[in-house]
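Scroll down for the structure; my scribbles are underneath it.
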Amino acid sequence: MTEESTFWAGLRRTLWAAAAGSLVGAGAVAWFDRTGMWLAPLALAAAAAVAGVVARRLRPTAQQRLSNGDSSLPVLSPLAREVLERLPDPLLLVDTAGRVLFVNRAMREVIGVGAERKHVSSLLRTPAVLEALAHTSASGEPGAIEFTFRVPVERHYQAYTARIGSDPVVTTLLLHDLTAIKRAEQLRVDFVANASHELRTPLAAVTGFIETLKGPAKDDTAAREKFLGIMGVEAARMRRLIEDLLSLSRIELNEHVPPLGEVSLETIVREAATALAPLAQADGITISIDAAEGLPKVTGERDELIQVFQNLIHNAIKYGREDGKVAILLRQMPSAGRRGADALVVASVHDDGEGIPQEAIPRLTERFYRVDVKRSRERGGTGLGLAIVKHIVNRHNGKLTIESRLAEGSTFTVSLPASRKSVDAAVTEVL
Ligand code: ADP
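Numbering of the sequence shown is given in the working numbering, commencing with residue 28 and proceeding in unit increments.
Right, here's the structure in full:
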């Protein structure tokens, strides 16, 4: 109903009421004429009362007004409106005809703005949701269904429908976003599948060789030596994988606990490089460390940070060029708007190896993601090294950046906030 027609309907009702009131009033006045003017105020009061009753009788119910398309009906009090508006879950209210009466902020993000007064079927295209709404609106039975929006990005929701109120009858649709829960569930399922697959391959090899050694190669000394060697390699692979899995779950468990120690990143990097020197030598790779003078310490856990740089330097060796160079640089940088730290200590590990395709870079820290699975396995990789690095760096309130050019090499940079104590001490020394 337009504003104009609402106005005329209102005027018509008022005129009817006034006419009824006037009739009563006129009758009363005619009678007062005989009895005396002192009764006139009483007659007017009676006329007003009758007019009020008639007007109320003629006024349509809220439900009728809704059915007539009067969307100006205040279905919600200002307080209720405000509360629903701020609700983090998307919510909308429809009338019995399926027209939208109210949409909160979270719902506007899902279905867009300007939804009020439109029919809900022009806003939500999921038949199951529309059916649930219609069923609840007609029967009064509440409903709960799961559904998925595929575009623009896949999102999973649980939709709850309920009928509330009697005049007017309103049906609510409340959405609960399940996307993060579904994603976590999927990650967990993939993780278990990947971990089992990674363990199954070496385990199958070891089991196969045991059978061969028990049977056909029982008395073949040369074959036995060869197979035992391979079994040793496969067993070591399983051990590394289990160690990495355990490290990852330990780090994840502590990720929200800030580290306490205070350590020199240079000492850590040197320790990690020394431990890997024999591996680098075997490939003819030289490792150089260039650390700026007077670097502040960082707040961190020594063992975890050693693991970060062991993983990065080990990767630089594994995927580096034979007879190539691994260059590690340590610098202090001003922190760009970080809370609680005035400076950053930045350590970058650069290799001159095969490099990484640009599209693979964002995925490198995913568990079990490898650019070349065969090459990673040949080099003893588990596919978990960078996932461990990312979790440790997160726990230290730091940042990991990866830059790479195919055939030129890669640079993995870790930035960690300098410890406040350490920065204060350095300032005092300068003064
Ligand atoms: P992996 O045990 O396979 O080395 P990581 O998690 O350490 O597992 O690394 C994931 C993948 O990232 C590797 O399989 C490799 O494809 C790629 N990668 C990591 N570091 C480098 C590097 N320095 N140069 C080229 N590729 C790298």
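Backbone N, C-alpha and C define an ideal beta-carbon position, used for all residues, glycine too.
Since we're looking at a predicted model, the values are computed, not measured.
Any heavy atom of the ligand ADP closer than 6 Å to the Cβ of residue i?
i	result
N342	yes
S403	yes
I429	no
I383	yes
G351	no
D116	no
L273	no
T440	no
S437	yes
G242	no
V398	yes
T409	yes
G412	yes
L214	no
L391	yes
G380	yes
Y346	yes
So which of the options has the shortest CA-CA distance to residue i?
i	options	result
V260	F236, K241 and H283	F236
S315	A374, L443 and R215	A374
R329	I419, L306, L272 and D399	I419
T326	A363, S442, A232 and L240	S442
G351	Y187, I312, G382 and P115	I312
K448	K324, G412, R348 and V416	K324
T153	G167, E405 and R177	R177
V353	A244, E320, T301 and G170	T301
D369	S446, A171 and H224	S446
T392	L339, L111 and P361	L339
R264	A299, H224 and V296	H224
E136	D204, F174, A155 and V376	D204
G380	L226, G425 and E435	E435
S148	A171, T438, A107 and A124	A124
R132	P243, L114, P105 and R210	L114
Classify residue i: buried if its beta carbon has 16 or more other beta carbons within 10 angstroms, exposed otherwise.
i	result
L128	buried
M134	buried
H423	buried
V216	exposed
P444	buried
P285	exposed
Q334	buried
E30	For E30, the predicted structure reports a pLDDT of 42, less than 50, and the residue's modelled location is therefore unreliable. A value from the coordinates is still provided. Under this definition E30 is an exposed residue.
L292	buried
D317	exposed
R402	exposed
I295	buried
S164	buried
R287	For the sequence presented, residue 287 should be read as Leu rather than Arg. Exposed, by the Cβ-count rule.
D194	exposed
V130	buried
V290	buried
DSSP beta-bridge partners for residue i?
i	result
R190	T198
K352	T313
S223	Looking at the DSSP assignment, S223 forms no beta bridge with any residue, so it has no partner.
A318	L357
Q185	E173 and H203
I429	F439
A374	L357 and V441
E289	T326
H464	No answer is possible for residue 464: it lies beyond the span of the chain, which begins at 28 and ends at 458.
L119	V130 and L200
When every heavy atom of the ligand FAD is checked, does at least one fall within less than 6 Å of the C-beta of residue i?
i	result
L356	In the structure shown, the ligand FAD is absent; the only ligands present are the ligand ADP.
Answer with yes or no whether the minimum CB distance from residue i to chain B is below 7 Å.
i	result
E381	You won't find chain B in this structure, because it holds only one protein chain.
> Touch check for the stretch 392-400 and the stretch 249-269: three-plus C-beta pairs under 8 Å?
Replying inline: no
> Using 8 Å as the Cβ pair cut-off and three pairs as the minimum, do the stretch 188-204 and the stretch 115-124 touch?
Replying inline: yes
> Counting Cβ pairs, one atom from each stretch, are 3 or more of them under 8 Å apart for the stretch 181-191 and the stretch 159-173?
Replying inline: yes
> Quick one: any contact between the stretch 298-311 and the stretch 343-359, if contact means 3 or more CB pairs under 8 Å?
Replying inline: yes
> Would you call the stretch 369-385 and the stretch 431-442 in contact, with 3 or more CB pairs under 8 Å?
Replying inline: yes
> Are the stretch 405-417 and the stretch 263-276 touching by the rule of at least three beta carbon pairs closer than 8 Å?
Replying inline: yes
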